[in-house]
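Remarks on the structure that follows.
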Amino acid sequence: MKRLAKWRLVSLFALLTLLLSACSGQPYLSTLQPAGEVAQKQYDLMVLSTVIMVAVMAVVAVIFVVVLVKYRRKDEKIPKQVEGNHALEIIWTVIPILLILIISIPTVTAIFKFADVDAMEKKNEDGTSDALVVNVRANLYWWEFEYPNEKIVTSQELIVPTDEKVYFNLISSDVKHSFWIPAVGGKMDNNTENVNKFWLEFDSEKADPNQLFQGRCAELCGPSHALMDFKVKAIARADFDQWVTNMQGIEEAEVATTDLAQQGQEIFNQSCIGCHAVTPSNGAPAEARLAPNLTNFGDRSIIAGYLEHDEENLKKWLANPETFKPGNKMTGTYGELTPEQLDALTAYLMGLKVQDEK
């Protein structure tokens with residue numbers, strides 16, 4: 001019975017290990033499937049460190065077994081003592097130093113390489129830079145992405161070109177967060193008091209426009225920390241330029257085209273417009289942007305950061321945001337919506353799309 005209890009305990013710990021390892025079937029989420037230069041280098045360093053550690057463990061285990069068998073006590077005689085053996089002392093001092101150098105040199109080199117953001121600091125006469133820069137502002141519990149050179153503000157879904165460096169300015173508007181795209185690289189903190197800077201590159205061979213990279217907040221920030229997700233769409237440079245052109249073509253809020261959507265727009269303008277914007281650049285400073293920008297909401301793939309993008313989920317979110325994201329700032333900001341109002345507001349929001357012909 002005792003053995004059976006032990007096996008049950010071992011089985012329980014094995015299952016817990018699988019659960020706590022955060023295994024997921026979602027695409028583009030694993031750090032073990034790198035999809036960019038930064039992630040690939042980090043993966044290579046992990047492999048290098050693991051190989052060295054396993055090799056050290058194997059050598060120590062072999063020595064332990066040999067000593068245990070060969071020099072086991074057979075009688076009362078005291079074995080020959082080897083204190084002060086200079087050769088052995090040199091060996092077990094030099095070898096660890098060499099192993100540390102093998103790990104530290106490529107690690108330090110990579111750190112300095114990934115910290116090189118000089119390209120984003122070089123400004124043209126008009127104040128823009130030739131590099132693609134994205135200001136990432138973290139909020140409870142959503143993400144804002146501002147493209148300062150392109151004068152575009154969006155949220156929850158980051159759009160980037162492949163095969164080139166994308167530079168990030170990271171800051172938070174409330175508490176400490178952490179920006180992390182596991183398959184591409186990271187992570188780095190979003191602080192309230194200073195701006196952190198780094199870059200990532202998205203490999204076109206690993207990126208699929210029909211699949212989105214998963215983004216996470218990697219710093220415990222509140223009750224909905226686990227739900228503070230965002231998505232990243234990596235596309236070819238030509239497609240990215242077209243998206244920028246489409247977004248820049250929206251100078252004022254879109255006018256709803258159906259009667260139901262027009263009713264939703266009236267509801268939106270009476271309540272939601274106080275926090276949400278429906279133009280990519282409304283001129284408001286970051287401190288005044290209190291909620292996600294909804295300019296291209298109808299084109300997105302998620303609602304509230306993690307819900308599937310469909311009308312049913314949108315109505316559920318609008319009806320009771322607290323159910324899906326406890327502690328979010330949208331809860332209680334407006335009165336209870338009737339089913340008819342939910343239908344109208346949903347029709348309007350789903351119609352906020354960026355058309356290719358613009």
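Residue numbers for the sequence shown follow full-length UniProt numbering, so the first one is 1 and each next one is one higher.
The beta-carbon is built from N, C-alpha and C at its ideal position, and this holds for glycine as well.
Burial state of residue i, where buried means 16 or more other Cβ atoms lie within 10 Å
i, result
"Y348", "buried"
"L170", "buried"
"W180", "buried"
"K358", "The predicted position of K358 is uncertain, since its pLDDT is 40 and thus under 50; a value taken from the coordinates is nonetheless stated next. Exposed."
"L212", "buried"
"F240", "buried"
"K325", "buried"
"L68", "exposed"
"Q81", "exposed"
"R8", "exposed"
"residue 388", "No information on residue 388 is available, as it lies outside the stretch 1 to 358 that the chain covers here."
"L15", "exposed"
"Q270", "exposed"
"G215", "buried"
"G84", "exposed"
"I250", "buried"
"I159", "buried"
"G332", "exposed"
Beta-carbon gap between residue i and residue j smaller than 8 angstroms
i, j, result
"R237", "P148", "no"
"G327", "P223", "yes"
"V342", "L307", "Inspection of the sequence shows that residue 342 is occupied by Leu rather than by Val. Against a cut-off of 8 angstroms, the Cβ pair of L307 and L342 comes out as no contact."
"Q262", "A256", "yes"
"L142", "P292", "Per the sequence shown, residue 142 should be read as Trp rather than Leu. Cβ distance < 8 angstroms, so W142 and P292 count as in contact."
"L99", "I63", "no"
"D178", "K187", "A small fix is needed here, since residue 178 is Ser in this sequence, not Asp. Yes, these two residues count as a Cβ contact at 8 angstroms."
"A218", "I267", "no"
"G298", "M350", "yes"
"N246", "V133", "no"
"L48", "I103", "yes"
"L352", "E252", "no"
Assumed close pair residue i, residue j - CB separation to whole angstroms, cut-off 8 angstroms
i, j, result
"V136", "N190", "7 angstroms"
"E164", "V153", "Not a contact, Cβ separation roughly 21 angstroms."
"T346", "E311", "5 angstroms"
"V244", "Y167", "No, V244 and Y167 are not in contact; Cβ-Cβ is about 16 angstroms, not under 8 angstroms."
"L140", "V195", "The Cβ separation is near 19 angstroms, so there is no contact."
"R300", "E157", "5 angstroms"
"A131", "M120", "5 angstroms"
Straight-line Cα distance separating residue j from residue i
i, j, result
"G264", "K151", "27 angstroms"
"D229", "V65", "49 angstroms"
"T295", "A277", "7 angstroms"
"M46", "T31", "10 angstroms"
"L314", "A115", "40 angstroms"
"M330", "A226", "18 angstroms"
"H86", "V59", "21 angstroms"
"W92", "V56", "12 angstroms"
"V94", "P79", "27 angstroms"
"L101", "I302", "45 angstroms"
"P96", "K74", "33 angstroms"
"A61", "R72", "16 angstroms"
"C275", "E146", "17 angstroms"
"E76", "V54", "37 angstroms"
"K70", "I90", "24 angstroms"
"F13", "D44", "29 angstroms"
"K41", "I273", "44 angstroms"
"E287", "F112", "32 angstroms"
"T17", "L220", "21 angstroms"
"T128", "P106", "33 angstroms"
"L260", "P285", "32 angstroms"
"E340", "K123", "51 angstroms"
"G185", "Q242", "26 angstroms"
"L88", "E193", "52 angstroms"
"E336", "T323", "14 angstroms"
"S155", "H309", "15 angstroms"
"Y334", "P321", "11 angstroms"
"E125", "T258", "45 angstroms"
"A110", "K316", "45 angstroms"
Worksheet item: Three or more C-beta pairs closer than 8 angstroms, one from the stretch 205-212 and one from the stretch 225-242: is that the case here?
Response: Between the stretch 205-212 and the stretch 225-242 there are three or more inter-stretch CB-CB distances shorter than 8 angstroms, so the stretches are counted as touching.
Worksheet entry | contact_flag[the stretch 36-47, the stretch 193-203] where n(CB pairs < 8 angstroms) is 3 or more | yes
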